[in-house]
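J.: Numbering (this note's numbering) for the sequence shown: 31 to 590. Backbone N, C-alpha and C define an ideal beta-carbon position, used for all residues, glycine too. Everything numeric in this text was worked out from a predicted model, so none of it was measured.
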Amino acid sequence: MPDLTHKPQPRTLGLTDITVGIPSSLRNPKTVKEPRPTALWNTLEFKLYYVACVVVIPLMVWIPVSLSNPSHPNFQMFKSKLSEGWLFGRQIDNSDGQYRHFRNNLPILTYAMIAYTVIKFLRVHAFKVDPYSNIYLIPINLAFSIIMVLALHGTSILKILAILTINYLIARTCKGSKVGPVLTWIFNGGILFLNSTYQGYQFNTINPALAFLDKYQGIDPRWDIRFNITMLKLVSFNMDYYWSFQHVDNPEVDINKLSDKQRTTISHPQDLYSYMNYISYVLYVPLFIAGPIMTFNDFIWQHRRPKDITQVTVIRYIIRFLISWFTMELVLHFMYVVAIKDRKAWMGDSPAQISMIGFWNLIIVWLKLLLPWRFFRLWALLDSIDPPENMVRCMVNNYSPLGFWRSWHRSYNLWITRYIYIPLGGAKHVFLNTLLVFSFVALWHDLTFRLLAWGWLVSLFVIPELAVRYLLPASQYGKKAWYRHACAVGAVLNILLMMIANLVGFVIGTDGIKFFVARLFGTVEGLQFLVFACCCIFVAVQLMFEYREEEMRRGIYHRC
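Here it is, written out as structure tokens:
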């Protein structure tokens with residue numbers, strides 16, 4: 031008799047593997063009631079879209095490369111911003127300070143990651159205490175954390191520990207009282223403001239007798255800049271501890287098989303909200319510098335019941351990181367758009383050229399944030415900790431402001447949702463809460479008008495999407511032939527607005543955007559290019575729509 035037992039087929043790589051996988055987004059396609067529409071990849075419509083891509087995408091690459099050519103009239107304006115490169119004898123545009131700091135220190139960080147991982151590996155396999163729990167590793171995590179913060183920030187560790195201790199005392203003193211969350215937010219908001227105002231403080235301003243401590247400020251004296259990430263962890267601990275007093279055990283929940291969401295929302299016994307666990311969480315080495323952001327509950331659950339992180343998962347992640355890193359190197363060696371933007375070396379350029387300067391600057395912003403987040407998450411994975419993934423999708427695979435925000439800084443979005451959006455009422459007051467959330471996000475990044483303007487612009491640009499979703503719900507019109515194309519037109523507007531908002535917030539500011547807008551809308555050539563660009567974006571959006579449909583056919587349901 032033949033074996034009729036179902037054997038799962040080995041999983042093969044497909045188109046949807048371009049997007050980072052998130053376990054919480056996976057569903058069994060057989061359990062989904064609504065069948066997905068037939069794939070459009072082989073239709074005449076999409077074959078025309080492929081032709082457009084073959085023509086337009088090379089142009090989008092060639093334009094910034096040509097602007098970076100030494101023979102270009104504006105080259106001398108930004109030449110001094112370039113450095114010696116290592117690819118094909120070309121110079122490199124390493125002028126972005128934020129990425130330069132990471133890129134130049136990547137070898138040291140890699141050595142530190144390897145040393146940390148090897149030491150932890152030897153510790154685990156030499157003195158394994160509990161085969162089902164890693165709680166016993168908390169003290170060694172703490173020791174590593176203290177050493178790292180001392181090396182990074184020197185004597186400023188005293189300031190950091192003082193702030194952490196005060197925050198801890200607020201939580202432990204207030205316990206389940208509603209005063210706790212209020213004091214937590216006031217204290218942490220005040221610390222962010224004071225850090226920005228006094229730039230980390232000096233010991234001699236506290237007491238002249240302590241001036242000698244200012245001589246030992248570590249590798250990175252500006253501890254206050256990195257404290258914004260730390261502040262999120264302080265709020266997380268206090269709020270998780272506060273909610274633990276309202277927690278009721280559910281006997282139906284198997285703590286050995288918790289989902290990502292359950293590890294965040296299910297509280298621990300009171301004794302696990304200890305000072306040692308708190309400091310170990312806040313200063314956890316792999317995630318201290320740049321995140322991704324984990325909640326306290328999740329961090330402790332991953333020690334109590336470690337996730338099964340396979341070698342294959344880690345190896346694939348290393349390969350993904352290396353591909354992303356090399357992509358960034360290619361861009362910086364062939365497209366000097368950051369230097370062009372900084373020196374405003376765009377005089378005489380056409381609207382198409384100016385738009386590509388802005389577009390590729392946004393790509394570089396995406397990559398310069400993606401790489402540190404991928405690196406430090408890789409470090410955590412090697413340590414058997416699985417923090418939330420940031421930047422689930424490529425920057426150019428977004429058409430919705432809400433979806434873009436969910437996929438961009440995903441771990442921060444999860445933090446915002448748990449600690450701000452839901453406590454404020456969530457979707458009951460969606461616009462007001464969105465305005466408050468993005469105002470907080472902007473001020474959290476930096477207390478500047480430019481980022482506050484970005485927050486307000488994003489909040490404003492969300493309104494059209496919310497209005498259209500209300501007036502033309504997919505549940506009612508989704509099967510109409512015209513609906514997909516109408517959504518694509520709206521998505522074109524969304525993308526243009528998102529590009530404007532992010533150029534203002536992270537690239538050229540409010541003054542720079544005026545020049546870009548004037549060139550696009552104030553000239554006939556600019557308007558002609560704008561129409562052409564909108565047609566190209568329309569094609570791209572149709573491909574994005576079908577890509578998401580392909581994901582859902584495979585049981586992948588991202589909310590972005």
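1. Less than 7 Å between the C-beta atoms of residue 414 and residue 339, yes or no?
2. Out of curiosity, what's the CA-to-CA distance linking residue 362 and residue 98?
3. Tell me whether residue 204 is buried or exposed, calling it buried when 16 or more other Cβ atoms sit within 10 Å of its Cβ.
4. Rounded to the nearest angstrom, how far is the Cβ of residue 286 from that of residue 350, given a contact under 8 Å?
5. In this structure, how does DSSP classify residue 9 when only helix, strand and coil are distinguished?
6. So, for residue 330: in the same chain, excluding its five sequence neighbours on each side, which residues have a beta-carbon less than 7 Å away from its beta-carbon?
7. Starting from residue 114, follow its DSSP beta bridges and name the residues at the other end.
8. How about the region 378-395 and the region 135-148: do they share at least three Cβ pairs that are nearer than 8 Å?
9. In the DSSP assignment, find the alpha helix (DSSP H) that holds residue 137 and state where it starts and stops.
10. With DSSP as the reference, label residue 586 as helix, strand or coil.
11. Cutting at 6 Å between CB atoms, please list the residues of its own chain near residue 324, excluding the five before and the five after it.
12. Just to confirm the assignment: which complete alpha helix (DSSP H) runs, minimum length 4, are found wholly within the region 505-587?
13. Just the C-alpha distance for residue 452 and residue 288, rounded to the nearest angstrom, thanks.
14. Between the alpha carbons of residue 145 and residue 93, how many angstroms are there, rounded?
15. Could you check what DSSP says for residue 448 in three-state terms: helix, strand or coil?
16. Count the other CB atoms within 10 Å of the CB of residue 116; is the residue buried (16 or more) or exposed (fewer)?
17. Can you give me the start and stop residues for the alpha helix (DSSP H) that residue 273 sits inside?
18. Considering residue 316, what are the terminal residues of the alpha helix (DSSP H) in which it resides?
19. So, residue 328 versus residue 293, is the Cβ gap smaller than 7 Å?
20. In whole angstroms, what is the alpha-carbon distance linking residue 188 and residue 546?
21. Over the uninterrupted alpha helix (DSSP H) stretch that includes residue 428, give me the two end residues.
22. Kindly confirm or deny that the region 205-215 and the region 228-247 touch, where touching means at least three C-beta pairs closer than 8 Å.
23. Contact between the region 542-562 and the region 445-465: three or more CB pairs below 8 Å?
24. For residue 462, which option in 412, 508, 492 has the closest C-alpha, if you only look at C-alpha atoms?
25. Once DSSP output is grouped into helix, strand and coil, what is the label at residue 365?
26. Could you work out which residue in 532, 560, 186, 141 is closest to residue 388 when comparing CA atoms only?
27. From residue 565 to residue 579, what distance separates their C-alpha atoms?
28. Should residue 34 go down as buried or exposed, given a rule of 16 or more other Cβ atoms within 10 Å for buried?
29. Spatial neighbours of residue 313 within its chain, please: CB distance less than 7 Å, with the 5 preceding and 5 following residues excluded, ordered by chain position.
30. Go ahead and label residue 125 buried or exposed: buried means 16 or more other beta carbons lie within 10 angstroms of its beta carbon, across all protein chains shown.
T.: Taking the geometry as given:
1. yes
2. 10 Å
3. buried
4. In fact, because the Cβ distance is near 29 Å, the residues do not count as touching under 8 Å.
5. Residue 9 is absent from the structure shown; the chain starts at 31 and stops at 590.
6. 298, 302, 307
7. 121
8. no
9. 127-156
10. strand
11. 417
12. 513-536, 539-551, 554-583
13. 21 Å
14. 43 Å
15. helix
16. exposed
17. 253-274
18. 315-318
19. yes
20. 47 Å
21. Note, residue 428: premise wrong, no alpha helix (DSSP H); not H, not E.
22. no
23. no
24. 492
25. coil
26. 532
27. 22 Å
28. Unreliable placement is indicated for residue 34, whose pLDDT of 37 sits below 50; the coordinate value is still reported in the next sentence. Answer is exposed; the Cβ neighbour count stays below 16.
29. 175, 179
30. buried
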